[in-house]
Amino acid sequence: MCGRYTLASKVSDLRDLIDFHDDSLPDDFAARFNIAPTQDVLILRQEKVHHRPMPVMVRWGLVPFWADDPKIGNRMINARSETVVEKPAFRAALKYRRCLIPADGFYEWHRSVDSKTKTPYWIHRPDRKPFAIAGLWESWNKSGAGPLETCTILTTGPNALMGLIHDRMPVILQQKDFDRWLSAPPDQAASLAELLVPAPDDFLEAWPVSTKVNSPALDRPDLIDPIDESRLG
DNA sequence: CCAGACGTTGTT
DNA sequence: GTCTGG
DNA sequence: CCAGACGTTGTT
DNA sequence: GTCTGG
């Protein structure tokens, strides 16, 4: 699964990854080392006029448009790619409202065999450059206080590296697939399932970090510092 | 027909 | 909104 | 994901 | 134990 991630990359590196339309992001754009559910996160969704990805901030935790209570979003932080096509909460968004969620790392907690301790790992590219997670977004309009825009992260099974830590991982899209993911017409959304697979085994590396990251209130650069010499991948 | 759910994860 | 269950 | 809160009436 | 909040 994916319930915490980082995005501290330079805008120029983000732009190398994704050819997005707006250039209004400052170069120090919100370096974040502990992005947690319910917080506003950067997503890129297709911009109709220019046919290019457009950056927008939305709340992490998808609230289906038909929901009566937006609190449901607290548990809709991930969507299983194996079932996303049919699940009522996600299927409309899969057809009409897909997005890219940029990140340069994410956290997973490895449970010891006796299940007594949980060690967080920071998982990232060896060159620490950003990558794009497959996401869905939604707009909820029942509050009377203007639309609430939200998103969720698609998950899939683990690759070889992630299998050492956890049994799920976020779907990381390859650059060549970005346009198809964002632009496929609604009646072809189901075929996008072929993109929702684990990242190549050598795409990421991982190292253990301090349990300071457990608290969503902490957001500091040292959260990604390795706590020892061990490294996976 | 109407009422009620609609989700993921991990743990027991 | 749409499907399942009663 | 983890942290932190959890509640009202009647009965023990 | 389970839900809410970040």
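Those letters in the first sequence? Residues 362 to 594, by our numbering. All C-beta atoms, glycine included, are put in the ideal place defined by N, C-alpha and C.
- Phe-390 has its alpha-carbon roughly 13 angstroms from the corresponding atom of Asp-383.
- Separation of Pro-431 and Pro-398 (C-alpha to C-alpha, rounded to the nearest whole angstrom) is 13 angstroms.
- As the crow flies, the alpha-carbon of Ala-567 is around 24 angstroms from that of Trp-421.
- Excluding five sequence positions before and after Pro-491, the CB atoms of its chain that fall closer than 8 angstroms to its own CB belong to Leu-368, Ser-370, Asp-374, Leu-375, Leu-378, Pro-463, Ala-464 and Asp-465, given in chain order.
- Annotation for Thr-516: Met-362, Cys-363, Asn-439, Ala-440, Arg-441, Ser-442, Arg-529, Met-530, Pro-531 and Val-532 place their beta carbon closer than 8 angstroms to its own, counting only its chain and skipping 5 residues before and after.
- Ranked by Cα distance from Ile-585, the options Phe-467, Arg-406, Pro-387 and Arg-436 are led by Phe-467.
- By the Cβ-count criterion, Val-410 is exposed, with fewer than 16 other Cβ atoms from all chains shown falling within 10 Å of its own Cβ.
- DSSP lists Arg-420 and Glu-499 as the beta-bridge partner residues of Thr-511.
- If you look at Leu-405, you'll find it in the beta strand (DSSP E) that goes 401-408.
- In the structure shown, Leu-522 adopts coil according to DSSP, grouped into three states.
- For Ala-521, the CB contacts under 6 angstroms within the same chain, skipping 5 residues up- and downstream, are Asp-562 in chain order.
- Rounded to the nearest whole angstrom, the C-alpha separation of Pro-414 and Asp-475 is 45 angstroms.
- As DSSP reads the structure, Arg-413 sits in a beta bridge with Glu-408.
- In the DSSP assignment, Ala-567 falls within the unbroken beta strand (DSSP E) covering 566-569.
- Residue Ala-428 holds the alpha-carbon nearest to the alpha-carbon of Lys-503 among Ala-560, Asn-395, Val-372 and Ala-428.
- Burial state of Gly-496 is buried, judged by a 10 Å Cβ sphere holding 16 or more other Cβ atoms.
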